[in-house]
Structures are given as structure tokens and as C-alpha cells.
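Chains as they are written, first to last, in our numbering: chain A, 15 to 257; chain B, 164 to 497; chain C, 4 to 262. Ideal Cβ placement from N, Cα and C applies to all residues, glycine included. Read through the structure below, which is laid out as C-alpha cells, and then see the notes.
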Amino acid sequence: MNAVVLAQLGNDFFQKRTGAGCVQSQGFCPSWIADHINEYWGPLGEHVFLTLVSLAIGFGIAFTLAILAHKRRWLTGPITAVTGALYTIPSVAAFFLLLPITGRGNLTAIVALTTYTLLILFRNITTGLRNVPVDAVDAARGMGLTDNQILRQVELPLALPEILAGVRIAFTTTVGLATLAFFAGGGGLGEQIYSEKAGTGGIFFKSNVVVAGGLAILLAAVGDLIILAGQRIALPWRRVGNA
Amino acid sequence: MNTTTRAFTALLAVLALAFAVAACGSSSSSGSDTTTGTSSTDTGAPTPAADTTMIKKDPANAGKTLTIGSKNFAEQFILGEIYSQALEAAGFTVKKQLDLGSEQIALKALKAGNVDAYPEYTGTALTSFYRVKTQDVPADPAQSFDLLKSDAAKDNITAMPQTPFQDTFVVTSTQATAKKYGNPTTISELAAKAGSKTTLSGFPECRQRTDCLLGLNSKYNWKPKFVSSQGKYADLEAKQAEFTMGFGTDGEQLLKKYVHYADDKKLFPPYYVSLLTRNDAVPKLGAGGQKVIQDVQKPLTEKVMAELNSRVSIDKKKPEDVAADYLKAAHFIK
Amino acid sequence: MSLPCPDVAGRHSGFVDAFDLIFHHRESISGGVCVGGPGEIGHLALLHLEVSLVAVVIAVLIAVPVGLWLGHIRKGEFLAVSVSNVGRAVPSLALLAFFVAFLGVGFTNVTLVLTLLAIPPILTNTYVGTRQVEAETVAAARGVGLTEAQIVGQVELPLALPTIFAGIRTSAVAVVATATIAPLANVQSLGTPILEPQTYGDAGQLAAAIVVALITLAVDAGLGMAQRAVTPRGLKVGTHAPERRRRFSLGTPAKTETT
């Protein structure tokens, strides 16, 4: 042992560890979790931010594309193919491909997450619009409504259940994928799960993995229920029937 | 270091050594002195005079901004924080980007100017950046560093003097496994006793690297069954493998429950840390800044680095706090 | 030490380098071993498909019967839809790491993680597809004297097949993408080049991403064709389909596509 170093640091610098005990043996430790739970709220907030921003932008793009494809049916095939192809790029690889262009940080993560929502949302919006009964549209046309009025007052409201179904799926999928934002330099629960920078032990510490992963699942569950509740309120005639 | 400081330090070293030797015979329940600023393997040896180690705020550094990066695992976070906090104490404004990812991404960030410097391992830099095959990396630490220095210079990167510690591969097992194979102390003995009927776990890439499994196969004639996993010590605990490829400064290496085996045939190349700095950031750093970097890494022996890593990996502390505690304990900052 | 493969360091870059890695073997970046080439990439692709296929098949064997049953008795929406949906949020890497402690590394662990990932879309779609079958149709079948099991097998299942297949397609795509993490649990796959940067380099990451994407497209297209093959003719174009779906008020069919 380097004597100069020892003199400089002091002998009590080296702590005695045995590797025993819940925390040191990387186990599941409720008391540690209780003490450190506050460290997870910040990352959780970032995670919510990443998810909602990606979902909002993705919805905006998918909605625009869906309306376009609704008016010009021939566009549906190509758009589905492109969004589908984007969906097949494995997420980790997508981050690596984007890094040189968008740099490290939340932007890369948001771009990647947004592209993954496009396929789900586009498909569900177009299917929802397409499944509006022809009679309803005919009736509205008979009443003298313009195409745009029909879209806004008849087709979209009737397509809403299908659209919201897509939003639910896109939301939970994005929550899961957003854990990978960490690898692109973004924030979110991924940093807690995979990295030791947060001082919570990284992926080898079971307590940490359970809490961070559990919060992601909880976020998905709460969001899912909120969208479901919103739908029940907005569309009361759609309550589950017996038929 | 100027000659006065050097002489002073040498004197202190001799004194400390003398007292240590003298204290050896008596009951050495060291660490009884816990008042701040007292180092004690002994009774009342003077602290290295705090004003020689304390980092002084240099007004010339005011207004200069440096961005320090690091890759994303515990040791890198700690090093990044140590350098950053030390430079801050010296008066620089320091931005941190301690999440660069793999070495290729880190190098790109360095060259692009997103970071001014980040700590890299000599072995990694030579094989990953400068196309030196692992079997061609010089085994001598000084030679490998010189090679890195000249290669990096062609890249407009300055490799700062390397750390005292290296973080290279180390074959590890539990005490129980060591006992099972007759307590070998070197990998050669281990290869002879355990042979191919045992298992070795390692990160996926180990399987195809000549400084890892392939080297164990050829140089030591040890061909264990390889288990590709990110678990390391968890694999030993879960009995996924009898041996694992750990790293020399892992916190777990300090735990008595793990045994490691000496690399007697010098298979593993040097992996000392050098702060790679872009050439156009070196003037900003200045001679003062460079001195701070070198001073602050001097106490980082393998045992010290392992202790710091333990605090993050085992005690679950934040790297920034661990770095601050180290700088305070070593009297670099208050 | 001379290897039977060339050292191509620095010769190509970007996509060209990636394609070169797929078609020609070369010396690894850190040296000492030959990597790449159609033999190895093909082998890794096969392993990748193997673990993905097993996971999807097991998921189908579990999720379809459960979904059919719940859809038939018209109960269990919460399990089949909400719980299932939330299952999509589970971070697979964390799940894999977590399971290592209990199951160890290896094919079983990886398959379990991928199967859990694959179940939600299949379960949801099976439930929704079955539930959507009109009550009159089921009543008529009952009236004709079919047993419950026969109703499920001969009436509901065929009508729900398109929706079920859509779910299988979504699952398959997710599983193939996620099987890239398999090497972390001692199963080689197309994730190997991604997880071994000093062996395969940037070219490896790109090449693996390209091959995985191609496989995903092929799997998706293949299942799409299978779906069209099993869709009863009368349902194919779907002009009457809207009527069917409107009458069924589930609230939120979390399905994906039916065309």
C-alpha cells in the first residue's frame, strides 16, 4: 500500500465491507426502498414528459396522415408501409442511427419514440374512420353537410372508440420503450434502471430494478385507466352492453 | 510539482514509512483518529500540509468553460466527477456530460467538440480507435501509454499522463470454488486444476476477444465453458458460472468472499486511464489545469479506486458524492 | 498469427461497411478472430428466429385459448384488455436482468421474457375478436344444437381469426426486435454484433439492425399472407364488417388492424 497515499487519505478511508446484508448483496430490500423512494420521482417525471410529448407529436402526425389517406384512399398502402417499416427498426438500433443526426439527449429519444407510435395510431385512426357506417355518412350528406363537416361532426366522433383504443396501445408501448431513452442520452426511468449514476445501484440491484420497473408499469396502468375513463365520459352510449 | 513541494512530499513519505514500521509491532487498531484532517496509520504524524494539496482557485481560469465527459458506468462517473469538481475548485466553469455511452460515441463527442475531455482506458483506445490488435498492445504500461500518446496526437488529441491504477480483466470466483479446486493462486494453476470442466461467465464480447476468452484458450490453454452474461458477480452468486471475468477495480474485488487469480502470463493488456483532451482545449486548461488533473489522480491506486467503486456499486451512493468525499479526504477541496 | 479472413480496417464506412460485413467475413476490430460473412450472419439470424418463434408459439398456445374462453363467456375485459395493455410497458431488459437471479441465463430465461412480451397483443386481440361475434350468430348456433366447445371452435374462432392474426403479427414484430438482447443471457442472436462493438464495430450494429428489420418485415408479410389465407371469404373485404363492429359495444377494443 502506497504510504504517501495512505498518509494523504487516512486509514479510515477504506471501509470494511463483507458483502452481507440486503443492500450489499443486491437483494430486494423494502427498508432501502422506503428510504430512497424520493429519488425516483424526478426520473418518473422525465419519463412522463418523454411519453406524453412523443405521443402528442405522433398523434398529430398520424392524424394528419390518416385524414389525408381518408380523402385519398390510395395513400393508405404507402403510408402503412413506411410507418410499418419504421416500426420494425429495433429500438436500440434506432437510437444509434439517430445519434449522429440529432445528438445525445431528449431530442433523439423523442424522435425515435414518436416514430414508433406512428404505425399504431395511423392504423387505428384510418380503421376507425373507415368503419363508420355508410348510412350515417349518407344521411349527413343528405342533410347538406359538407365533407369537412361530415368529417368533424359524424365520422370522427363515431371513430373515436377505435382511435382511443390506438392511443391506449401507443401510450403503454411508448412507456415501455421510453426506458431505452437512456441509451440515447435522454432521461426517464431508464437511467434509474440501467445506470449507477443516480446512486441507486443500477441493473444489478434487485430493489432498484423492481422499483423503477414497477413505476413504469404503474405509469402505464394509470395512464391506461385515465384514457379509458375519459372515453367512458365522452362516449356514454358506448358503455358495455350485454349483446 | 515544483522542487520544494516534491522535497516536502518525499520527506513526509519517509516519515510516514518510518512511523508505520514502528507502529507495526504494537496493536494497530488504526482509524481511531477520526478528526478531520488527520491521517493516521500511526500516532500523530503530521497531515500532509493541507496547503500543499488544496486546489487553489486561479483567477486566470475565471470565465473559462470546460466540458468534461465520461462513459456510462460507475468508475467513469466517479472519474468524470473527480476531474470536474477539481477543475471547478481551480476556478474553471465546468459542464459535465457524464453519459456518453460506448467508447466510439465518446470519441465522436470529443472530436466534435461536444466535450473537451473524457477519461479513456489505454488498452481500449489503442484497440478501438487506433487499430492496434489486442495481442499487439505493449504489455509494458509506459510503452502502451507512449503508443497511445503518439497515436492520439495524430488525431489532435492529447493523452494526459495516466492514472496509477489500471482496470483490467481479473478472473474471479467465490471462496467455495477456490477451495473446490485446491486454492490456486494463478490462472496457470487454475487452468491445470479446473480445466475445461468448469464455467466462465463474461460480458458477451469476451467470447471473441484475444484479451479475454480467446486469450485464455490460447495462452493459458484453459478452455472453460463460456457463459455470455452481464451478471458478473451476480452470476457467481446465482451459480450460473464458477468463474467470472471481473475487473480489477470493481468494488466487489475488495470483498473477502471473492477470490481472484493472478495473470501470471500477462495476458490482459494494460488498461490505465488517461484523460483524453482535444488539442484546442489544452490551452484553455493551461499548465495549472493540467497540474490539477495530475495531482488529483495521483492517490488513485487500485485499492483506492476499488473503494470508490464500492461506494457506488455496493453502498449505493451517488458518484458525485463519492467524488466529493474523495477530494475532501485527500485534502484537495474543503 | 494469420487468419483466413482479411483485415478491412478503415476500408469502408457506413452502409457499405455494413453490407460488406454481411457478405464477407473479416478480421474483428480487436483482432484474432474472423467474424461476419453470410455463414455467421445467417447462423445468428437462424438462432434469432428460433428463440423468437418458440416465444411466439408458446404465447399463442397460452393466449389464444384464454382469449377465446373469456371472449366466449363475455367476461374478463379487464384482464384481457387493460392488464394486457399494461404488459406492453414492461421494460424487457430489466425483466431479463431480473429473471437471471431466479432462472439463470439461457434459452429458458430468454424465451420466458419474450413470451411474456408476446402475450398481451395476442390475448387482447383474441378476446376482442371473439367478443365481436354477434350474439345472434352464437344464439343461432346454440339453437342448432352445437355444444359450447363447438361454438367456440366452429363459429367464433373462424370469425375471430383475422383479428387474432393481427395480434400475432404485432407480437411477432415486438419479439423479433427484442430478441436482440438475448446474448445478455447466453443466447446468441442478431443482438450479438450490437453487443460486441469492439469485435464487429459500427458496421456490425448497422448490419444487425438491417437484418433484424428485414426479418421483421418478412415475418410481418408472411403472417399477413397467412392471415388472408385463413380469413373466411365472406369477411375479406369488410363492407358489412362496420355493422358488426358497431353493434358490439365493448368500450375500447384495443385491437390493431383487421385488414
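Excluding five sequence neighbours on each side, which residues of the same chain lie with their C-beta closer than 6 angstroms to the C-beta of residue i?
i: TRP46 (chain A); result: VAL37, SER221
i: PHE219 (chain A); result: GLN40
i: ALA108 (chain A); result: ALA126
Could you please give the first and the last residue of the uninterrupted alpha helix (DSSP H) stretch that includes residue i?
i: VAL222 (chain C); result: 200-233
i: GLU151 (chain C); result: 151-154
i: MET468 (chain B); result: 465-476
i: GLU159 (chain C); result: Counting along the chain, GLU159 (chain C) falls outside any alpha helix (DSSP H), and DSSP gives it neither H nor E.
i: HIS27 (chain C); result: Unbroken run through HIS27 (chain C): none, as it is neither H nor E.
i: SER221 (chain A); result: 220-248
i: TYR396 (chain B); result: 396-400
i: GLN191 (chain C); result: That residue, GLN191 (chain C), is in no alpha helix (DSSP H); it is neither H nor E in DSSP.
i: GLY485 (chain B); result: In the sequence as presented, Gly is not what sits at residue 485 (chain B); that position holds Val. Taken as a continuous stretch (DSSP letters only), the alpha helix (DSSP H) holding VAL485 (chain B) covers 482-492.
i: LYS382 (chain B); result: 376-382
i: PRO124 (chain C); result: 110-134
List the residues of chain B whose Cβ lies closer than 9 angstroms to the Cβ of residue i, in chain order.
i: LEU113 (chain A); result: GLY264, ILE268, LYS271
i: LEU82 (chain A); result: Simply none; closest approach about 37 angstroms.
Using a Cβ-Cβ cutoff of less than 8 angstroms, which residues in the same chain neighbour residue i once the five nearest sequence positions on both sides are dropped?
i: VAL103 (chain C); result: ASN112, ALA188
i: ASN235 (chain B); result: LEU261, ASP262, LEU263, GLY264
i: GLY409 (chain B); result: PHE332, VAL333, VAL334, THR335, LYS395, TYR396, GLU415, GLN416, TYR421, HIS423
i: MET15 (chain A); result: Note on MET15 (chain A): pLDDT 48, under 50, position unreliable in the model; no value is reported.
Along chain C, in chain order, which residues have C-beta atoms closer than 8 angstroms to that of residue i?
i: LYS220 (chain A); result: PHE101, ALA104
i: VAL390 (chain B); result: VAL108, ASN189
i: LEU377 (chain B); result: GLY35, VAL36
i: GLY227 (chain A); result: VAL93, PRO94, ALA97, LEU98, PHE101
Just checking my contact of residue i with residue j at CB under 8 angstroms: how many whole Å lie between their CB atoms?
i: GLY254 (chain B); j: GLY243 (chain B); result: With 8 angstroms as the limit, GLY254 (chain B) and GLY243 (chain B) do not qualify as a contact, their Cβ atoms being about 19 angstroms apart.
i: GLY411 (chain B); j: ASP488 (chain B); result: Wrong, their Cβ atoms sit about 22 angstroms apart, outside the cutoff.
i: VAL38 (chain C); j: HIS51 (chain C); result: Not quite, the Cβ-Cβ distance comes to about 16 angstroms (not below 8 angstroms), so this is no contact.
i: GLY34 (chain C); j: THR215 (chain B); result: Not really, about 45 angstroms apart at Cβ, beyond 8 angstroms.
i: LEU273 (chain B); j: ILE320 (chain B); result: 7 angstroms
Pull up the distance between the alpha-carbon of residue i and that of residue j, whole angstroms please.
i: GLY225 (chain C); j: GLY35 (chain A); result: 52 angstroms
i: SER191 (chain B); j: ASN25 (chain A); result: Model confidence at SER191 (chain B) stands at a pLDDT of 36, short of 50, so the residue's coordinates are unreliable; what they give is reported in the following sentence. C-alpha separation (whole angstroms): 11 angstroms.
i: ARG91 (chain C); j: ILE183 (chain A); result: 8 angstroms
i: GLY156 (chain A); j: ILE167 (chain C); result: 37 angstroms
i: GLY194 (chain B); j: LEU438 (chain B); result: Here the model assigns GLY194 (chain B) a pLDDT of 36, short of 50, so the residue's position is not dependable, and the following value carries that caveat. About 33 angstroms.
i: ALA212 (chain C); j: SER31 (chain C); result: 18 angstroms
i: ASP20 (chain C); j: PHE26 (chain C); result: 10 angstroms
i: THR340 (chain B); j: HIS46 (chain C); result: 35 angstroms
i: VAL224 (chain A); j: MET468 (chain B); result: 29 angstroms
i: THR219 (chain C); j: SER55 (chain C); result: 11 angstroms
i: ARG77 (chain C); j: LEU239 (chain A); result: 20 angstroms
i: ASP398 (chain B); j: LEU249 (chain A); result: 53 angstroms
i: ALA192 (chain A); j: ASP303 (chain B); result: 44 angstroms
i: PHE366 (chain B); j: ALA237 (chain B); result: 16 angstroms
i: ALA275 (chain B); j: ALA269 (chain B); result: 10 angstroms
i: LEU209 (chain C); j: LEU217 (chain C); result: 12 angstroms
i: GLN163 (chain A); j: ILE122 (chain C); result: 41 angstroms
How would you list, in chain order, the residues of chain B whose beta-carbon sits under 7 angstroms from the beta-carbon of residue i?
i: ALA12 (chain C); result: ARG294
Interface residues of chain B around residue i at Cβ under 8 angstroms?
i: GLY45 (chain C); result: In chain order: nothing, as chain B lies at least about 17 angstroms away.
i: VAL189 (chain A); result: The contacting residues do not exist; VAL189 (chain A) stays about 21 angstroms from chain B at best.
i: ILE32 (chain C); result: THR290, SER291, ARG294
i: PHE197 (chain A); result: GLY264
Strictly below 9 angstroms CB to CB, what residues from chain A border residue i?
i: ILE231 (chain B); result: Those within 9 angstroms of ILE231 (chain B) in chain A number zero; the least Cβ separation is about 14 angstroms.
i: VAL116 (chain C); result: None at all; the shortest Cβ gap to chain A is about 12 angstroms.
Could you name the residues of the same chain whose beta carbon sits closer than 7 angstroms to that of residue i, not counting the 5 residues immediately before and after it, in chain order?
i: ILE205 (chain A); result: Inspection of the sequence shows that residue 205 (chain A) is occupied by Glu rather than by Ile. These residues qualify, in order along the chain: PRO57, PHE196, LYS211, ALA212.
i: ASN384 (chain B); result: ALA354
i: SER68 (chain A); result: ILE124, LEU127, THR128, THR131, THR188
i: PHE431 (chain B); result: THR331, PHE332, ASP374
i: PHE370 (chain B); result: In the sequence on display, residue 370 (chain B) carries Arg and not Phe. Excluding positions up to five away in sequence, the list reads LEU376, PHE389, SER391.
i: GLU176 (chain A); result: ASN138, THR141, GLY142, ASN145
i: ILE217 (chain A); result: ILE207, TYR208, VAL223
Which chain A residues are close to residue i, counting only those with a beta carbon under 8 angstroms from its beta carbon?
i: ALA492 (chain B); result: LEU23, GLY24, PHE27
i: THR340 (chain B); result: Per Cβ cutoff of 8 angstroms: no residues; THR340 (chain B) is ~15 angstroms from chain A at best.
Taking Cβ-Cβ distances shorter than 9 angstroms, what residues in chain C pair up with residue i?
i: GLU251 (chain B); result: Correct list: empty, because the minimum Cβ distance to chain C is about 32 angstroms.
Which residues in chain C have a C-beta closer than 7 angstroms to the C-beta of residue i? List them in chain order.
i: THR186 (chain A); result: ASN88, VAL89, ARG91, ALA92
i: ASP238 (chain A); result: SER85, ASN88, VAL89
How is the beta strand (DSSP E) around residue i delimited, first residue to last?
i: THR337 (chain B); result: 332-337
i: GLY409 (chain B); result: 406-410
i: ARG294 (chain B); result: Unbroken run through ARG294 (chain B): none, as it is neither H nor E.
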